[in-house]
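Here's the structure, in structure tokens; my notes come after.
Residue numbers (the working numbering): 81 to 237.
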């Protein structure tokens, strides 16, 4: 049986009871992968900025919103929050400009840790920070993540 694939764009999330290989590319963005080993259901988000400031639309572009919405989506698919296990990827400082003074990658990583702790979700794996981008592939049926480091991801988040 061939497993379906899905490309995850920035500011989006994906979860399914059907097995999928979900691919995404990360620079300063962060992806949180959630997996329920009991139901064998997985989900992933890809957010660009740490916190929604309350102005405008609450969107999964922001880490605190993206993680909370992914948890809710997983619960709607039959997962128990107490069974969820997280893996965190990304948050590299890949842009060498004045913008890097804002440490977006580092702040994106911190919001993942903070929200997962508040949600009482254990982190079982991570590959975060540094000066490189990452291409990851998340298997929603097993929770496994394959990662490849990328040195030049100009134009990617």
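All C-beta atoms in this analysis are idealised placements derived from N, C-alpha and C, irrespective of residue type, glycine included.
DSSP three-state call for residue 225: helix, strand or coil? Of the three classes helix, strand and coil, the one that applies to residue 225 here is strand, per DSSP.
To which residues does DSSP link residue 199 through a beta bridge? None, per the DSSP bridge assignment.
So residue 223 packs on residue 117, CB below 8 Å; how close in whole Å? Sure, about 7 Å apart at Cβ, within 8 Å.
May I ask you to list the residues that DSSP assigns as paired with residue 124? In the DSSP assignment, residue 124 is bridged to 94, 113.
Three-state secondary structure (DSSP) of residue 85: Under the three-state reduction of DSSP output, residue 85 falls in the strand class.
Residue interval of the beta strand (DSSP E) (run including residue 156): Going by DSSP, residue 156 is part of no beta strand (DSSP E) but of the alpha helix (DSSP H) stretching over 143 to 156.
Pick from 194, 91, 170 that is closest to residue 226, judged by C-alpha positions: Among 194, 91, 170, the Cα nearest to that of residue 226 is on 170.
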